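Under our numbering, think of the first position of the sequence shown as 412, with each following residue one higher. A virtual CB, placed ideally from N, CA and C, is assigned to each residue, including glycine. Since we're looking at a predicted model, the values are computed, not measured. Please read the structure below before turning to the comments.
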Amino acid sequence: MESEFEHMANLVLVILCVAGGMLMWQTHGWLMAVSSVLFAGCGLLLAVHWCAIHMRRMGEDGR
């Protein structure tokens, strides 16, 4: 089962990823570059975090 910290980390990453994506489409120049990195980075961190949780659960199940 996910801890409360993991749940909050997922929520924060999703919010940052969505905010970065929305900001990316509305801006130009250096702010677009920053929001693009935020969008891609948070998405990557979220995927890695979900994979780590899944791998840990598989280990707990003995699969």
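The beta strand (DSSP E) runs lying completely inside the region 413-456 and spanning 3 residues or more number zero. Under the 8 Å Cβ criterion, the region 455-465 counts as touching the region 416-426, having at least three qualifying pairs. If you draw a straight line from the Cα of valine 448 to the Cα of serine 414, it comes to about 28 Å.
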